[in-house]
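> Following the numbering used here, the numbering of the sequence shown begins with 78 at its first residue and continues without gaps.
Shown below is the structure under consideration.
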Amino acid sequence: NEGVIPTEYSMNQNYPNPFNPSTQIRFGLPEASAVTLTIYNIRGQQVRTLVNGYMQAGYLTITWDGKDAQGSLVSSGTYLYRINAGHYSATHKMVLLR
C-alpha cells in the first residue's frame, strides 16, 4: 500500500522479532508530522534516535541495525521503541538475539 495515505496514526510491531542483525519498524502518518522514533533499553535509557524530523504523510519503514548512537553494537536483550507523531504516541517491545 505504498502511495496510500493512512486514515490514522499507527505503528506496527517490528519485523522480524526477535531479530539479528537488523529489524524494520513500519508506521503510518495520516498527515505530514514532526516525528521522533527512539530506541530505549529495558531500563528506559535512550539507546538511539532513528527519526527526529518532519515527515510526509504515508506509510514509512525505518530499519534499525542494532547499534547505539555511537555506532556500537548493542547487546542481546529486550528493547523498546517509541514513536511520537502529532498527538500520537506508541511504544512496542522488541528482542535482539546476538
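Beta carbons are placed, not taken as given, at the ideal position from N, Cα and C, and that holds for glycine.
At the level of alpha carbons, what is the spacing between residue 157 and residue 114?
Distance between the alpha carbons of residue 157 and residue 114: 10 angstroms.
> Using the C-alpha atoms, what's the distance from residue 84 back to residue 171?
Rounded to the nearest angstrom, the two C-alpha atoms are 26 angstroms apart.
> Got a sec, what are the start and stop residues for the beta strand (DSSP E) residue 191 sits in?
Residue numbering for the chain in the displayed model covers 78 to 175; residue 191 lies beyond these limits and cannot be assessed.
> Based on DSSP bridge pairs, tell me the residues matched to residue 122.
Answer by DSSP bridge pairing: none, since residue 122 is not bridged.
> How would you write the range of the beta strand (DSSP E) that residue 106 sits in, first residue to last?
Start and end: 100-106.
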